[in-house]
Every structure is written in C-alpha cells, then in structure tokens.
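Each remark here refers to the structure printed beneath this line.
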DNA sequence: TGTCAACTGTCAGCGGCTGTCATTAGCCTC
DNA sequence: GAGGCTAATGACAGCCGCTGACAGTTGACA
C-alpha cells in the first residue's frame, strides 16, 4: 500500500478503490466470518459459540479468524463500531448555536436512517438488532459494550467542548452532559431489549421519549408535580 | 463473636458465628490471596499478573485460588463489592421525604467514612485506592467495573422507585436519575484517577463538586450564563 | 513466467478456568 | 484419644481464547 504513482495502477491513498481479486476475497472472507459469527451468537449464544465454530462456518482456520478480528469480542462489535461513527459524524454536523443537549438529541434523531443503511451493507439489519439482546444478556459482552460506550462518550465530549470553546480538562460540563446523555441511552437500550418489539423504530421512539424526561426527572420532588 | 448459650457450640443458622480453626484458616487464606492479588496488580499490572503468581504468593495451588474466587476479576472487585453494599445501606437509610437526587447525594456523603472503615478491615485503604487507578487503565477491568456499576444502579433504582411508590417498569424516572447520578460518579472517578492526588478525601470533594453541577450543565446555553 | 508479497494453515504454547480424584486435616463422637 | 466423617487442598488433565513461528499457497506485477 501507499505505492505512489507514475504510470500504471493509481492506488491512491483511497481505501478499497480498485478491488482486485485479492482485496475482494479478503472482504468476502471477513463478511462471511462476521455474518457467521453474529448468526451463531444469536442462535446459540455468545459464550457457547467457540471461535473454532465461527471459523469452521466460514471455512477458514481459527488462526485466520484472528487475522481479521483482534478477538471474538472484536468481531461481535464490528457492526456497532460502524453505527457509532455515523452518530459521531452527525454530532459534528450540528449547527454550533444549538445547546449541547439539543445537539446530541437532534444528531441522534437524524442518524437513525443513516445507521440503518450502513449496517445493512454489512449484515441484515434484523440480525444486528437481535444481537443487541445477546449483548444485553451476556455479562462479558455487556461489559465490553459499556466500556466502548464510555470511550465513545469521551470522544463526543471533546466535540462538545470544542463547540463551546471549553477546555475539557478544566470544565467538567462537557463530560457531564455527554455522560448523562449516554446514561439515558443505556437505560433505553436496556428496557428496549427486554421488550418483545425489538425493532429499530421502537428503539428510536423510546429514546426520544426518555430523553425528554431527563430534566424533569432530575428536578425536585416527583410526588408534587406529576406527569 | 456471639458465643452465647449453654455449653458446647450453638452453631445456629447464623453465619461465621464461632470461628473454629477451619473457618479461621479459610478466612486467612482468602485474605492473603486477596491482598497478594491487589499488591501484584498494583505493582505489575493486572494483565501481567498470572493467577499462578497470586497463588504462589499466597502459598496455595492455583486450583485453590479458584475455589475462593470465581475468577481473577472476582478477586479484583472483592473489596469494591463491600464498599458498594455500604452505600446501598446508606440509601436505604435516607428519610423518604427527600427528593431522589438529594437522597443519593446525601447517602454518598454519609457513607465515605463507613466505606473507608469497612475496606480497612480487609486490605490497607491506600492499596485499594491505588488499585482504582489500575482499574481505570486496564480495559478489561474498566469494562467489568462499568458492568458492575450498572448492576448497582439497577439495585438502587429499585430502592428509589420503592421510596416514591413507583413501578420501575412503568415509570423510567427512577432508572434515569440513578443513571445520571452514576454517570457523574464515573466521570468523577475518571478525572480523579488521572490526578496525582488519588486519596479518598480528594475523591469525596470532587464528587460533591461535580454533583452540584449536574442540573446547571443540562440546562440550555452555557455561553450565556457563565458560572 | 518467474519473482515477490500477501494470505493462509498447522503446530506449539500460554493463561484463565473447570472437572475429577486422591490426599490431607479439622471436627465430632464414642 | 482413636476412629470415622467431611471440608479443604493439591495434582492432573483438558477446554477455550489468543499468539508467535514457520511453511505452503496464491494473487500481483514486471
């Protein structure tokens, strides 16, 4: 890679520009591994599925699996990574006049479709949604998910701090809002995944509803002003 | 402790009533394993410390380690578990008139000392504090820590829901406040652990300061009303 | 077509963790 | 205080996630 150019193949800094048989095969193997993994996970459970199972389902050796994915967990979150990056893009694109919490909420509302499309490129959206329930019910995966979520929060907190012209290490507010936002998201995921209707639309609606409740839920006595 | 009764050993349904040489040895082994583990973790790092290392430091077989702790991780969080239960107790003890967020904040403020004492029973408080930095800088431990934190949040959310007479599955507010509270705690831990002064007092002060910023940080535009 | 590099499989090995079984050692009774 | 009972332990074997090393295969490109 990085063969700069005089004559023949362009091969600029662009990734995956001209496929080439090799790249194509690679991508196909990776996709197959990914899909096999998610299918086995959702069908038999994460812990119950060995890396050997996945490799066998994709007709490669176990060693090859680890050349495509750093770990079993890495494969499990491959799709999520894609979805998250879309959300980050959406936050970046928000007009800077918006208050932080509004920017986050609107960025999310806006990115649902983009995310859906991006996921569908890799694996059936339905499969990815079902896998969320596996995450939620598998301690090891849930732990990894939460850690990844806080990393994402840190990234977004920096974006927010940038928008507001604040030093993230001197003013805790960017991290706090983002953490609060993330906390609500997590609660939503949790409740959503326990439901029967685990579709994307349901998640979207739940999220919107809960985000509206943040401020009222924090303020004072609930027994006085109901609703 | 609690040796009452007539003549020989009562041995009622009470746990750990009369030590007995056996129980005593067991407890000593467990404490030794625990302390060895934490010392090795803080000195050489979590991943770098083998269970064999820990077992050897405590002069038992590796198999015995796993009879005391379900996993390496389990040993790592043994002390934290104790501290958390103190906090839960404190929340339970709060007068029911207090608004939820106030109850949480005051329960925390109140339990610092209790926690410190309880920890000291098991291992040097200093060691436990230093270990928090290991958690924060070890991906696997951080992940586990976050998962455990959300489990704790669920427990506390139920307590809050109880206080307010709400059905936790119909009203999201208990989970939301607790999640927000927990989110602020996490941000605090993170910032605290990155500091030089990683003492208990510093953590306590930071937490208090940040909790006061929750509501203002959520409300509207930061650029207008500064501090 | 032949050379080079990328991709892959095989093998060996480590660390976390578990089941099994024989041995040890506290406990309890007679 | 000698015996039997049972909990606690150690030793061993084995599974699974994961990694390094080496050799074989297969696209890429002159």
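Residue numbers (the numbering used here), protein chains in the order written: chain H, 2 to 228; chain Y, 2 to 228.
Glycine is no exception: its CB is placed at the ideal position from the N, C-alpha and C atoms.
Query                                                                                                                                        : Result
Cutoff 9 Å: residue 165 of chain H Cβ touching any chain Y Cβ                                                                                : yes
Span separating the alpha-carbon of residue 128 of chain H from that of residue 214 of chain Y                                               : 41 Å
Cβ pair count under 8 Å reaching 3, the segment 66 to 74 of chain Y against the segment 49 to 58 of chain Y                                  : yes
Beta-carbon gap between residue 181 of chain H and residue 181 of chain Y smaller than 9 Å                                                   : yes
Whole-number beta carbon distance between residue 69 of chain H and residue 41 of chain H, since they are thought to touch under 8 Å         : About 15 Å separates the two Cβ atoms, so there is no contact after all.
Contact set between the segment 208 to 221 of chain H and chain Y, restricted to residues whose Cβ is under 9 Å from the partner             : 210, 211, 214, 215, 216, 217, 218, 219, 220, 221
Inter-residue Cα distance where the pair is residue 216 of chain H and residue 98 of chain H                                                 : 20 Å
Partner residues on chain Y for residue 29 of chain H, Cβ-Cβ distance less than 9 Å                                                          : Simply none; closest approach about 31 Å.
Other residues of its chain near residue 154 of chain Y: CB distance less than 7 Å, five sequence neighbours each side excluded              : 179, 180, 183
Within 9 Å, strictly: CB atoms of residue 158 of chain H and residue 77 of chain H                                                           : no
CA nearest to the CA of residue 218 of chain Y, picked from H:37, H:57, H:172, H:143                                                         : H:172
Complete runs of the beta strand (DSSP E) confined to the segment 151 to 175 of chain Y [at least 3 residues]                                : none
The ligand GDP heavy atom lying under 8 Å from the CB of residue 188 of chain H                                                              : You won't find the ligand GDP in this model; it holds no ligand whatsoever.
Under 8 Å from the C-beta of residue 83 of chain H: neighbouring residues of chain Y                                                         : By Cβ distance, chain Y contributes nothing, its closest Cβ being about 20 Å from residue 83 of chain H, past 8 Å.
Reduced DSSP category for residue 75 of chain Y - H, G, I as helix; E, B as strand; rest coil                                                : helix
Minimum Cβ-Cβ distance from residue 200 of chain Y to chain H less than 9 Å                                                                  : no
Cβ distance (whole Å) where residue 130 of chain Y is taken to contact residue 199 of chain Y below 8 Å                                      : 6 Å
Three-state secondary structure assigned by DSSP to residue 47 of chain Y                                                                    : coil
Own chain partners of residue 91 of chain H with C-beta closer than 8 Å, once the 5 adjacent residues on each side are dropped               : 108, 109, 111, 112, 115
Within 9 Å of chain H by C-beta, residues of the segment 130 to 148 of chain Y in sequence order                                             : 140, 141, 143, 144, 145, 146, 147, 148
Where the segment 97 to 109 of chain H meets chain Y: residues whose CB sits under 8 Å from a CB there                                       : 100, 101, 102
Beta-carbon contacts of residue 212 of chain Y that lie in its chain and below 7 Å, excluding the five residues immediately before and after : 106, 185
9 Å Cβ cutoff, residue 173 of chain Y in contact with chain H                                                                                : yes
Host alpha helix (DSSP H) of residue 134 of chain H (start-end)                                                                              : 126 to 138
Other residues of its chain near residue 56 of chain H: CB distance less than 7 Å, five sequence neighbours each side excluded               : 62, 63, 65, 66
The alpha helix (DSSP H) enclosing residue 101 of chain H, as first and last residue numbers                                                 : 101 to 123
DSSP-derived helix/strand/coil call for residue 179 of chain H                                                                               : helix
Nearest-angstrom Cα separation, counted from residue 21 of chain H out to residue 188 of chain H                                             : 45 Å
Contact set between residue 76 of chain H and chain Y, taken where Cβ atoms lie within less than 7 Å                                         : Within 7 Å Cβ-Cβ: nothing; residue 76 of chain H doesn't reach chain Y, min ~16 Å.
Classification of residue 94 of chain Y by the beta-carbon crowding that lies within 10 angstroms, buried from 16 upward                     : exposed
Where residue 187 of chain Y meets chain H, residues with beta-carbon distance less than 8 Å                                                 : 151, 180
Within chain Y, partners of residue 223 of chain H - CB distance below 8 Å                                                                   : 100, 101, 165, 167, 174
Below-9 Å beta-carbon distance, residue 191 of chain Y vs any chain H residue                                                                : yes
Nearest neighbour of residue 44 of chain H, chosen from H:167, H:132, H:176, H:205 [CA to CA]                                                : H:132
Beta-carbon spacing of residue 209 of chain Y, residue 161 of chain Y below 9 Å                                                              : no
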